[in-house]
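Trainee: Numbered by mature numbering (1 follows the signal peptide of the UniProt record, and there is no 0), the letters in the sequence shown go through residues -21 to -1, 1 to 207 in order. Yeah, the Cβ is synthetic: ideal placement off N, Cα and C, and Gly gets one too. Input: one structure, supplied below.
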Amino acid sequence: MKKIFITTILAFLAFNISLFAQDGKQEMLTTTAKNSSISFYPLNLFNIYEPSIQLAYEHALNRKWAIELDGGIIIKRSIVPLKHDLFTFNSQDFSHSGYKVRVEAKRFIWTNATGKHNFYVSTESFYTHSISNIFTTYVNIGGGVFYDDYTVNKDVVGLNLKIGKQFMFNHFLLELYGGLGVSYHIATHQYADDYSKPDPDVLQDYLFREGKYFQLTLPLNMKVGYRF
């Protein structure tokens, strides 16, 4: 994982430095402009499988480029109280901990005349470490269905390509984005007893699968923030 993480960061830096160099010298922003912002991701609190409190700091390097640093703490449970009568799982079946780190380079491709709307493209490098305790069912070797829990210890590193739009109203910032990327996972399972592994639903198997593997990522999110 360490080698993959270093390779990912180097690829991220090389790609963005080359693009920055091609732009040449850009007109710098004035010291009175709102060059920085601090933002919050409200939708992350509703995530069933990886709920988190995540903040972002963005700083504009010039009129075309900005750098963003994100950090988040994975919280114990989603704030959504889902029940078995609505879904095949209960939100109380999951208990999480861990953290997230992200670095993003943004290239602004269009700004309207008022300067209140920005379109951008970006590359993002990220790392997530999570520990998830999952209460589920298992099939005993001797037959019969029982309830038990297992723990997933997972490290994820990856790269995303994103496109987004910023809406700015004086100090207020609203940002929407989407994209596509790839991530590399190293996940291990620990079971409370020596029983055969549970047969989770398709989504649970996709998110908590054991082993070393690549997956596509679909970064879709929004954030709200304060500009200064």
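#1: What are the residues that DSSP puts in a beta bridge with residue 228?
#2: Pairing CB atoms from the region 41 to 61 with CB atoms from the region 180 to 195, are three or more of them under 8 Å?
#3: Near residue 74, which residues of its chain fall below 6 Å by C-beta distance, leaving aside the five closest residues on each side in sequence?
#4: Between residue 86 and residue 101, is the Cβ-Cβ spacing less than 8 Å?
#5: Can you tell me which of 57, 39 and 147 puts its alpha carbon nearest to the alpha carbon of residue 25?
#6: Quick check: the region 17 to 37 against the region 158 to 165, are at least 3 beta-carbon pairs closer than 8 Å?
#7: For residue 234, which of 99, 196 and 35 has the nearest alpha-carbon?
#8: Measuring CB to CB, does residue 166 end up less than 8 Å from residue 131?
#9: At what residues does the beta strand (DSSP E) containing residue 206 begin and finish?
Mentor: The relevant details are as follows:
#1: The shown model of the chain, from -21 to 207, leaves out residue 228, and the question about it has no answer.
#2: no
#3: Position 95 of the sequence shown, counted from the start, is the residue given in the question as residue 74. Same-chain partners within the cutoff: 55 and 112.
#4: Locating residue 86 in the sequence shown gives position 107, where the first residue counts as 1. Locating residue 101 in the sequence shown gives position 122, where the first residue counts as 1. Contact flag set, yes.
#5: Position 46 of the sequence shown, counting from 1, holds the residue named residue 25. Nearest to residue 25 by C-alpha distance, out of 57, 39 and 147, is 57.
#6: With the cut-off at 8 Å, the region 158 to 165 and the region 17 to 37 do not touch.
#7: Examination of residue 234 is not possible in this model, given that the chain is present from -21 through 207 alone.
#8: Position 187 of the sequence shown, counted from the first residue, corresponds to residue 166. Position 152 of the sequence shown, counted from the first residue, corresponds to residue 131. Against a cut-off of 8 Å, the Cβ pair of residue 131 and residue 166 comes out as a contact.
#9: Position 227 of the sequence shown, counting from 1, holds the residue named residue 206. That run of the beta strand (DSSP E) goes 200 to 206.
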